[in-house]
Amino acid sequence: RRAGMFGPSPWLPGRSKKIRDMDELLMSTILPNWLTMCRHGIVGKMQFPRESELSPLFMQLKSYVENPRKPVSWSLAFGVHAMLTGILEVDKEFYEIIKVSKAVFGGFFAQTRNAVKLLSTEEASDMQNSNVWKHNVCMVSFLESFGLDAFEERAIWNPLCSGTIFSIISFFGNLEAGCAVVDCQAQLRITLYLYHGLLINNIIHEGEIPLLDILYDAFKDCKALWQGELPRRGELVKRFWICFGMGLKESKQMAEKAQEFARGGSLPTDNFAEGAKFCRGRKMNSIEPAELATSFRRICERDFSDVRDKYHTPEQRRNSRGSEQYLFAVRTNDTLDHLNKDLQLLATNFIPIAYYLEQFVCSLGRIIQWESHLQSFKRQSGTNLRQGFAILFAQHLLGTLDFAQDPLNYEFLNVPMGLAPSSVMKMFFESIPAENVLWFQATDSDGSVVQKVTI
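The sequence shown begins at 7 in our numbering and counts up one residue at a time.
Encoded structure:
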């Protein structure tokens, strides 16, 4: 039995000067923890989606725990070497990195729990009963098991393993699950259609509401929300209904009714009933995370079809084109560029965002005095309040922004349809604490902020 294999480890950061000095002491702590994690922890109990893309080291470790007699592959040996090298590189900063990593990890799940708690107090919303919300929030919450105190810190929060955990949280837990919940009550499309309508009418301007700017920029190419290019004035109502699942013919009819009313016509008596009848004419598209973040497409879908080499001289490209090393270098650099470009979106926690968008829609309905009309719609049609809200929203609020001569001051039910919603939107989103929706701030090795993420 070799010395140093059991008992408290004397390994300390800063003591080792090269990878072979004290790696045995360090591995005597890490390997038993990895073994426990793969047998009894989250890695052993759960099969992750996209695990070969997001957690290749964990997948390799698990396969050897399940079949310890198979030969050790070069990929596993390289993974262990990379982990040890990562610790050596950060040297004396190792424990500070562990501290920061655990704080960021805990912050993400604290934001998620806070959103669930706040949603339970919103009486006007039915979102907490949505199967999509419950399933995805439960699935994301399970990822908190990575942070259990049962595992030694150095085994879980070393640079390589913590990077793996944050990749799983960022791309699977936040982007992929977040895309499922962020519009589960149509709250995202209602908010962004309103924001877009106010922008194209110059009632508000980009830069006034930073959080909505982040979402607007991220979702501007989302087929599920827009079905093509962003709509121009005169197209809002029709495009909203198309993206809400209504047929093309019926969407056009609804837009014509909205135009008639916005230009002085009387309120149709069948406005609610006809809207409810048409609301689900065809299958809707789902929101795809690959449309929002190119880094997701590169890492999770391994799609490099549109990569262009911006990193080599013409001579270097001629000499190296087609080689595996050349392709690897170009794709790696392109992925890193897009990770930096997507940083603001990746730092935004989608589960709290889903809650705040839902609360905004509920608050808007209360402030512009639609609640009694929505309750009447529910009694008449037997459908839910959100469907009634969508009809009032599209036909009268978007209709005003689409067709009214003075959209800022045009009134419906004695409420100015441009002025009131824009004021509510500004006040609501300005009041959201950044610490409730932004779960990390990227910094450089000297502590300086890489890219300031604000709302």
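Backbone N, C-alpha and C fix where the C-beta goes; we use that ideal spot for every residue, glycine too. Source: prediction; values computed, not measured.
Q) From Q375 to F64, what does the alpha carbon distance come to, in whole angstroms? A) Counting from 1 along the sequence shown, the entry for residue 375 is found at position 369. Counting from 1 along the sequence shown, the entry for residue 64 is found at position 58. The straight-line gap from Cα to Cα measures roughly 53 Å.
Q: Put D276 into one of helix, strand or coil per three-state DSSP.
A: Here residue 276 refers to the residue found at position 270 when the sequence shown is read from its first residue. Note that D276 has pLDDT 49, beneath the 50 cutoff, so the model's placement of it is unreliable and no number is given.
Q) Based on Cα-Cα distance, which residue from I248, K226, V243 lies nearest to E262? A) Start at 1 with the first residue of the sequence shown, and residue 262 comes out as number 256. Ranking I248, K226, V243 by Cα distance to E262 puts V243 first.
Q) Taking the C-alpha atoms as reference points, what is the distance between P295 and G405? A) Indexing the sequence shown from 1 puts residue 295 at position 289. Indexing the sequence shown from 1 puts residue 405 at position 399. The straight-line gap separating the alpha-carbon atoms of P295 and G405 is approximately 30 Å.
Q.
To test your reading of the DSSP string, which unbroken alpha helix (DSSP H) runs of 4 or more residues are found completely within the region 227-254?
A. Runs of the alpha helix (DSSP H) inside the region 227-254: 229-232, 242-249.
Q: Have a look at the DSSP bridge pairing and note the partners of E417.
A: Here residue 417 corresponds to residue number 411 of the sequence shown, with the count starting at 1. Per DSSP, P422.
Q: With DSSP collapsed to three states, give me the class of L194.
A: Residue mapping note: residue 194 aligns to position 188 of the sequence shown, counting from 1. Reduced to three states, the DSSP call for L194 is helix.
Q) In three-state terms, what does DSSP make of L352? A) The sequence position of residue 352 within the sequence shown is 346, counting from 1. L352 falls in the helix class under three-state DSSP.
Q) So, using beta-carbon positions, are I103 and L32 closer together than 8 Å? A) Locating residue 103 in the sequence shown gives position 97, counting from the first residue. Locating residue 32 in the sequence shown gives position 26, counting from the first residue. It is not a contact, given that the beta carbons lie outside the stated cut-off.
Q | Exposure of M52, with buried meaning 16 or more beta-carbon neighbours within 10 Å | A | Locating residue 52 in the sequence shown gives position 46, counting from the first residue. By the neighbour-count rule (16 or more Cβ atoms within 10 Å), M52 is not buried but exposed.
Q | Reduced DSSP category for L464 - H, G, I as helix; E, B as strand; rest coil | A | As displayed, the chain neither begins before 7 nor continues past 461, which places residue 464 out of reach and without an answer.
Q. Could you give the distance in angstroms between the alpha-carbon of L82 and the alpha-carbon of Q66?
A. Mapped onto the sequence shown, residue 82 falls at position 76. Mapped onto the sequence shown, residue 66 falls at position 60. For L82 and Q66, the distance between alpha carbons rounds to 6 Å.
**Q.** Pairwise C-alpha distance: I175 and E57
**A.** Within the sequence shown, residue 57 is the residue found at index 51, counting from 1. Within the sequence shown, residue 175 is the residue found at index 169, counting from 1. If I take the Cα positions, the gap works out to 12 Å.
Q: Would you check if the region 334-348 and the region 361-381 touch, i.e. whether three or more CB-CB distances between them fall below 8 Å?
A: Judged by Cβ distances under 8 Å, the region 361-381 makes no contact with the region 334-348, as fewer than three pairs qualify.
Q. Quick one: what's L363 bridged to in DSSP?
A. Along the sequence shown, one-based indexing puts residue 363 at 357. In the DSSP output, where bridge partners are listed per residue, L363 has none listed.
Q: Determine the direct distance from the alpha carbon of V187 to that of G270, and round the result to whole angstroms.
A: If you number the sequence shown from 1, residue 270 lands on position 264. If you number the sequence shown from 1, residue 187 lands on position 181. Linking G270 to V187 through their CA atoms gives a straight-line distance of about 38 Å.
Q. Rounded to a whole number of angstroms, what is the C-alpha to C-alpha distance between L60 and S173?
A. Taking the sequence shown and counting its residues from 1, one reaches residue 60 at position 54. Taking the sequence shown and counting its residues from 1, one reaches residue 173 at position 167. Those two C-alpha atoms are separated by around 6 Å.
Q) Excluding the five sequence neighbours on either side, which residues of its own chain have a C-beta within less than 6 Å of the C-beta of V430, listed in chain order? A) Mapped onto the sequence shown, residue 430 falls at position 424. Closer than 6 Å at the Cβ level, and outside the excluded window around V430, lie L370, I373.
**Q.** 4 or more residues per run - each alpha helix (DSSP H) lying fully within the region 374-414
**A.** 377-387, 391-398, 405-409
Q: Could you name the residues of the same chain whose beta carbon sits closer than 7 Å to that of G203, not counting the 5 residues immediately before and after it, in chain order?
A: Position 197 of the sequence shown holds residue 203. The answer, listed in chain order, is L242, L404, L407.
Q) From S136 to D189, what does the alpha carbon distance come to, in whole angstroms? A) On the sequence shown, residue 136 is found 130 positions in, with the first residue counted as 1. On the sequence shown, residue 189 is found 183 positions in, with the first residue counted as 1. Rounded to the nearest angstrom, the two C-alpha atoms are 11 Å apart.
Q: Report the partner residues of F444 according to the DSSP bridge assignment.
A: On the sequence shown, residue 444 is found 438 positions in, with the first residue counted as 1. Reading off the sequence shown, one finds Leu at residue 444, where the question assumed Phe. Answer is T354.
Q: Report the three-state DSSP secondary structure of Q322 (helix, strand or coil).
A: Taking the sequence shown and counting its residues from 1, one reaches residue 322 at position 316. Note: Q322 maps to helix in three-state DSSP.
Q) In whole angstroms, what is the alpha-carbon distance linking V143 and D132? A) Position 137 of the sequence shown, counted from the start, is the residue given in the question as residue 143. Position 126 of the sequence shown, counted from the start, is the residue given in the question as residue 132. Looking at the two C-alpha atoms, the distance is approximately 15 Å.
Q. Which first and last residues belong to the alpha helix (DSSP H) in which N339 is found?
A. As a first step, residue 339 is located in the sequence shown; it is residue number 333 there, counting from the start. DSSP places N339 in the uninterrupted alpha helix (DSSP H) bounded by 330-347.
Q: Have a look at F300 and G394 and give me their C-alpha separation to the nearest angstrom.
A: Indexing the sequence shown from 1 puts residue 300 at position 294. Indexing the sequence shown from 1 puts residue 394 at position 388. Correcting the residue identity first, residue 300 is Thr in this sequence and not Phe. So the two alpha carbons sit approximately 36 Å from each other.
(Q) Counting C-beta neighbours from all protein chains within 10 Å, is the total for Q117 16 or more, i.e. buried, or is it exposed? (A) To locate residue 117, count along the sequence shown from 1; it is residue 111. With 16 or more other Cβ atoms within 10 Å, it is buried.
Q | P74 classed as buried or exposed, judged by whether at least 16 other C-beta atoms fall within 10 angstroms | A | Taking the first residue of the sequence shown as 1, we reach residue 74 at position 68. Here P74 is exposed, its C-beta having fewer than 16 other C-beta atoms within 10 Å.
Q. So P55 is in the alpha helix (DSSP H); what residue range does that whole segment cover?
A. For this step, residue 55 is matched to residue 49 along the sequence shown. Segment: none, P55 is in no alpha helix (DSSP H) and carries neither H nor E.
**Q.** P439 Cβ short of 7 Å to the ligand FMN heavy atom set
**A.** For the structure depicted, the ligand FMN is absent and the ligand set is empty, with no information on it obtainable.
Q: Compare the Cα-Cα distances from I248 to each of L218, L221, K289, I215 and report the closest residue.
A: Mapped onto the sequence shown, residue 248 falls at position 242. The shortest Cα separation from I248 among L218, L221, K289, I215 belongs to K289.
(Q) Measuring alpha carbon to alpha carbon, tell me which residue in Q193, N39, L125 is nearest N164. (A) Taking the sequence shown and counting its residues from 1, one reaches residue 164 at position 158. Selected option, being the one with the closest Cα: N39.
Q) Is N291 helix, strand or coil when you go by DSSP? A) If you number the sequence shown from 1, residue 291 lands on position 285. Looking at N291 - three-state DSSP - the assignment turns out to be coil, as it is neither helix nor strand.
Q.
Across the region 218-233 and the region 194-201, are there enough close Cβ pairs to call them in contact, namely three or more that are closer than 8 Å?
A. yes
Q. From L254, R160, E129, E307, pick the residue whose C-alpha is nearest to that of F178; which is it?
A. By one-based count along the sequence shown, residue 178 stands at place 172. Comparing Cα-Cα distances from F178 to each of L254, R160, E129, E307, the minimum goes to E307.
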